[in-house]
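Here's the structure, in structure tokens; my notes come after.
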Ligand SMILES: NC(=O)c1ccc[n+]([C@@H]2O[C@H](COP(=O)([O-])OP(=O)(O)OC[C@H]3O[C@@H](n4cnc5c(N)ncnc54)[C@H](O)[C@@H]3O)[C@@H](O)[C@H]2O)c1
Ligand SMILES: [Zn+2]
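Here's what the structure looks like:
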């Protein structure tokens, strides 16, 4: 069993990573001092796949089931969760357990942050992306019709329980989408993690828990370290946005339909690496190593029809524009980055074209 402490000022908590952790969920919740009225929020699909295990482990009564597509990450879904809690007379001794991917975690997490001004929250993430990223750090929230993640809060959970075994049922594309975020951690913070993904690629895809556990743990350790140092993303936490400036633009230009978030980040990292190489900040062989590792996971959705100018326009609307300047996380080596705010449109345009966007 691996345990990682997330020492945020607002609430320190542990991420427990263990194959079969869900079977021991009741004991883990007791250890976390999670209040006794325990409600599970999940999606019909995830509950069908893994709910019986959870129900057996914690003697759960009826779960609160809500749809989990990105388009259901909205206030109406939060309201459905409130409704279920009110109907069940959920009081302050409530623990909300999220069982699902990032959409369930973010949406139900926001319900937990706001119901009765906050009840205990425990994440049991079931996608690779949620296990290495969204379940840690306390960002909860939903989309607004006019923009993604515009409504939300920082609300740290009481704990996070990661069971790599649940990834066995994850569609391959979703699994790969999570791996791009793992590569992101390697690029920003750990050459060892980067190398491990390359060397153990096949075993990782076979999803053997003994291979996955250290990969997930190292990713969680990196995120936990960054989040503890900068809970509200004022400074250092921004390095986790590596690949996300262009990544978010790809998602928005394609209306969130063509790419999984992680896939867009895959391209976004390549764009940032091209900018860095053109500036002489990153050696070309490091950029090539990143491109090779990303390519080795399999093909990404095509981008040749996406105009670079449209991408640039989307980046200018992104939340990472601070006082009119675009923050860009640039890699300087595998495992190291720098944040700059003076990247010109021309540089971005050139990088986009080199990665394959339409000129
Ligand atoms: N809070 C944060 O810090 C943070 C960080 C990164 C991303 N996010 C958010 O996370 C969301 C994306 O999360 P995601 O990639 O997990 O997507 P998701 O929650 O939509 O899940 C992807 C799909 O996988 C299915 N699924 C989940 N677990 C499964 C399992 N074990 N087996 C089979 N199918 C399973 C779901 O039903 C869904 O169809 C986005 O909304 C993004 O904004 C939040
Ligand atoms: Zn991301």
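Residue numbers (this note's numbering): 151 to 509.
Note that CB positions come from ideal geometry on N, CA and C, so glycine has one too.
Do residue 308 and ligand 1 come close, with the Cβ less than 7 angstroms from some heavy atom?
By one-based count along the chain shown, residue 308 stands at place 158. No; taking the cut-off as 7 angstroms, the Cβ of residue 308 has no heavy atom of ligand 1 nearer than that.
Applying the criterion that 16 or more other CB atoms from any shown protein chain within 10 Å of the CB defines a buried residue, is residue 275 buried or exposed?
Here residue 275 refers to the residue found at position 125 when the chain shown is read from its first residue. Per the 10 Å Cβ criterion, buried.
If you run the structure through DSSP and keep just helix, strand and coil, what is residue 405?
Within the chain shown, residue 405 is the residue found at index 255, counting from 1. Coil at residue 405, not helix or strand.
Residue 357 - partner residues in DSSP beta bridges:
In the chain shown, residue 357 corresponds to position 207, counting from 1. DSSP lists no partner for residue 357.
Let me know the secondary structure DSSP gives residue 383 once reduced to three states.
The sequence position of residue 383 within the chain shown is 233, counting from 1. Of the three classes helix, strand and coil, the one that applies to residue 383 here is coil, per DSSP.
Does the beta carbon of residue 284 fall short of 7 angstroms from some heavy atom of ligand 1?
Within the chain shown, the letter at position 134 stands for residue 284. Checking the Cβ of residue 284 against ligand 1 gives yes.
contact_flag[the stretch 161 to 172, the stretch 304 to 315] where n(CB pairs < 8 angstroms) is 3 or more
The way I'd put it, the stretch 161 to 172 does touch the stretch 304 to 315; three or more beta-carbon pairs between them come closer than 8 angstroms.
Minimum C-alpha distance to residue 191 - residue among 259, 158, 153:
Numbered from its first residue, the chain shown carries residue 191 at position 41. Checking every option, the nearest Cα to that of residue 191 belongs to 259.
Closer than 7 angstroms by C-beta to residue 176: which residues in its own chain qualify, once you throw out the five before and the five after it? Chain order, please.
Stepping through the chain shown from its first residue, residue 176 is reached at position 26. Excluding sequence neighbours, residue 176 sits near 207, 208.
Count the other CB atoms, across all protein chains shown, that sit within 10 Å of the CB of residue 424; report buried if there are 16 or more and exposed otherwise.
Taking the first residue of the chain shown as 1, we reach residue 424 at position 274. Buried is the label assigned to residue 424, since at least 16 other Cβ atoms lie within 10 Å of its Cβ.
Residue range of the alpha helix (DSSP H) that residue 427 falls in?
Counting from one through the chain shown, the residue named residue 427 turns up at place 277. Here the alpha helix (DSSP H) through residue 427 covers 411 to 428.
Taking just the CA atoms, how far does residue 504 sit from residue 271?
By 1-based counting over the chain shown, the position of residue 271 is 121. By 1-based counting over the chain shown, the position of residue 504 is 354. C-alpha of residue 271 to C-alpha of residue 504: approximately 44 angstroms in a straight line.
I want to check one thing, is the minimum distance from the CB of residue 254 to the heavy atoms of ligand 1 below 7 angstroms?
Within the chain shown, numbered from 1, the residue matching residue 254 stands at position 104. For ligand 1, at least one heavy atom lies less than 7 angstroms from the Cβ of residue 254.
Going along the chain, which residues of its own chain have a beta-carbon closer than 8 angstroms to the beta-carbon of residue 239, five neighbours each way excluded?
Looking up residue 239 in the chain shown gives position 89. Excluding sequence neighbours, residue 239 sits near nothing in its chain.
C-beta atoms of residue 457 and residue 508 nearer than 8 angstroms
As a first step, residue 457 must be located in the chain shown, where it is residue number 307. As a first step, residue 508 must be located in the chain shown, where it is residue number 358. Residue 457 is a Cβ neighbour of residue 508, given a cutoff of 8 angstroms.
Once you ignore the five residues that flank residue 482 on each side, which residues in its own chain have a CB closer than 8 angstroms to its CB?
Reading the chain shown from its first residue, position 332 is the one you call residue 482. Apart from sequence neighbours up to five positions away, the residues of its chain that approach residue 482 with a beta-carbon distance below 8 angstroms are 426, 431, 432, 488, ordered along the chain.
Work out the CA separation of residue 278 and residue 400 for me, nearest whole Å.
Against the chain shown, residue 400 aligns to sequence position 250. Against the chain shown, residue 278 aligns to sequence position 128. Answer to the nearest angstrom: the Cα atoms are 21 angstroms apart.
Residues in its own chain within less than 6 angstroms of residue 280 by CB, not counting five upstream and five downstream?
Here the question's residue 280 lines up with position 130 in the chain shown. Excluding residues within five positions, the ones whose Cβ falls inside 6 angstroms are 251, 252, 255.
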